[in-house]
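Asks: I have a structure I would like to understand better, so I am pasting it below and will then ask my questions one at a time.
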Amino acid sequence: MAFVAWIGIVVIIWILFKILSSTDIPKINGLPEAPGWPIFGSLLQLGENHSLALSKLAKRLGPVFQIRLGNKRIVVANSYDSIKELWIRNQSSLISRPTLYTFHTVVSSSQGFTIGTSPWDESCKQRRKAAATALNKLAVQSYMPLIDSESYSAINEILKECEDGRIDINISPHLQRFALNTSLMLNYGTRFSSSFDALLKEIVEVEAAISRFRSTSNNWQDYIPLLRFFSTKSSEANSYRLRRDHYLEILLGGLKKDIANGTERSCITELYISSRLNQTKISHESSKHVFDNDAFILR
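Numbering (the UniProt record's numbering), first residue to last: 1 to 299.
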């Protein structure tokens, strides 16, 4: 009886091991694979600098190989020719984006996915079409006066603060304001007049933090589901999500108020909301992400 019980325990452990070591995509036959540990895959070997570790693996495994990060299987391309073959000649096959727990389930739970992080669906198709229209050659040329104006404003602020070169200053806030103002004027028709505006600082801080949640090296819970019960990443990500929700409501709410009052800002989101670029009715959440939040910046 005891022997049967032990056999049962061993079988259960083996089944759990197989489940925890399984991947979303089966092993790709004929493609070299990096060595890995059960459950963790190659996460332990990659350390904090994944790009450096992967480049070293490429010298041993070749320019294209597969690697397992927890329960996800990933194909690594590490040469110009392989990248050209995959992302240029086969770009239509790679039009979608993978989803990760921390960024897509926690951070993006209230606002939806941005264009650059969205799996391919009808909503993503509509938003990419709107973005392509707003970023064609003629449209980009029409933005040059805006870029000239923001460049002048940033340089002027730098010269004032450094007293025409007499004192040393940190120019990062001014460059961040230039990047953010350019994005905000194009997307929402608004800007910050000061490089030290409280809302500007908030957006810079939150967007930089959110970009880290997309990192492959910082969020092991994306690859090992069991860690989601113990990790503090989810609560941290949720706090940044709420902060982002707040300023997106401020930006979009101000734009919609002006539209309702007949004040036209002539920005991309206003055109999108008014269905001038897309005749399909869109949701309140989708209109916040006509463009990827990466346009915001800013490190």
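From the three backbone atoms N, C-alpha and C, an ideal C-beta is built for every residue, glycine too.
Note that the structure is a prediction, hence the values are computed from the model and not measured.
Compare the C-alpha of Ile115 against each of Ala131, Ile39, Glu249, Arg241 and name the closest.
Replies: That would be Ala131, whose Cα lies nearest to the Cα of Ile115.
Asks: Specify, as a first and last residue, the run of the alpha helix (DSSP H) that Arg127 falls within.
Replies: Looking at the DSSP string, the run of the alpha helix (DSSP H) that includes Arg127 is 122-134.
Asks: Rounded to whole angstroms, what is the Cα-Cα separation between Leu44 and Ala34?
Replies: When rounded, the distance between both Cα atoms is 12 Å.
Asks: In the DSSP assignment, find the unbroken alpha helix (DSSP H) run with Lys84 in it and report its ends.
Replies: Taken as a continuous stretch (DSSP letters only), the alpha helix (DSSP H) holding Lys84 covers 80-87.
Asks: Just to confirm the assignment, what range does the alpha helix (DSSP H) spanning Ile155 have?
Replies: It spans 144-161 - the alpha helix (DSSP H) in which Ile155 sits, taken as one unbroken run.
Asks: Quick one: grab the DSSP three-state call for Arg228.
Replies: Here Arg228 sits in helix by DSSP.
Asks: Just how far apart, CA to CA, sit Lys72 and Ile158?
Replies: So the two alpha carbons sit approximately 46 Å from each other.
Asks: Taking the beta carbon of His246 as the centre, do at least 16 other beta carbons fall within 10 Å, making it buried, or is it exposed?
Replies: Burial call: exposed.
Asks: Taking DSSP as the reference, what is the three-state secondary structure of Leu277?
Replies: Bear in mind that a pLDDT of 44 at Leu277, under 50, signals an unreliable position, so the number given afterwards is only what the model happens to contain. Looking at Leu277 - three-state DSSP - the assignment turns out to be coil, as it is neither helix nor strand.
Asks: Should Phe178 be counted as a contact of the ligand MG given a C-beta to heavy atom distance under 6 Å?
Replies: By its list of ligands, the structure shown contains no ligand whatsoever, and the ligand MG lies outside what it can speak to.
Asks: Which same chain residues, not among the five before or five after Val4, have their C-beta less than 6 Å away from its C-beta?
Replies: So the list is empty, once near-sequence residues are dropped.
Asks: What would DSSP say about Asn176, mapped onto helix, strand or coil?
Replies: First, the residue type needs correcting, since residue 176 is Gln and not Asn in the sequence shown. Helix, per DSSP.
Asks: Within the continuous beta strand (DSSP E) that includes Phe192, where are the two ends?
Replies: Unbroken run through Phe192: none, as it is neither H nor E.
Asks: Kindly indicate which three-state DSSP category Leu199 falls into: helix, strand or coil?
Replies: Three-state DSSP puts Leu199 in a helix.
Asks: According to DSSP, is Arg244 helix, strand or coil?
Replies: Note: Arg244 maps to helix in three-state DSSP.
Asks: What three-state label does DSSP hand Ile28 in the structure shown?
Replies: Coil, per DSSP.
Asks: Using only CA atoms, which one of Ile74, Val64, Trp37, Ala58 lies nearest to Asp24?
Replies: Comparing Cα positions, the closest option is Ile74.
Asks: My assumption, with CB atoms under 8 Å, is that Ser266 sits in contact with Gly189. Please give the rounded CB distance.
Replies: Their Cβ separation, rounded to whole angstroms, is 6 Å, which keeps Ser266 and Gly189 in contact under 8 Å.
Asks: At a cut of 8 Å, does the segment 169-177 reach the segment 190-209 through at least three beta carbon pairs?
Replies: They touch, by the three-pair rule.
Asks: From the DSSP output, in three-state form, read off Gln66 for me.
Replies: Of the three classes helix, strand and coil, the one that applies to Gln66 here is strand, per DSSP.
Asks: At what residues does the alpha helix (DSSP H) containing Ile19 begin and finish?
Replies: Where Ile19 is concerned, the enclosing alpha helix (DSSP H) stretches over 2-20.
Asks: Between which two residues does the beta strand (DSSP E) containing Ala58 stretch?
Replies: Where Ala58 is concerned, there is no enclosing beta strand (DSSP E), although the alpha helix (DSSP H) it sits in stretches over 50-61.
Asks: Please confirm whether Leu69 and Ala77 have their CB atoms less than 7 Å apart.
Replies: Cβ atoms of Leu69 and Ala77: not closer than 7 Å.
Asks: Would you decide whether Met185 is buried or exposed? Buried here means 16 or more other CB atoms lie within 10 Å of its CB.
Replies: It counts as buried.
Asks: Using a beta-carbon distance below 7 Å, is Gly41 in contact with chain D?
Replies: Absent from the structure is chain D; it holds one protein chain and no more.
Asks: May I ask which residues mark the beginning and end of the beta strand (DSSP E) holding Ala77?
Replies: 72-77 is the extent of the beta strand (DSSP E) around Ala77.
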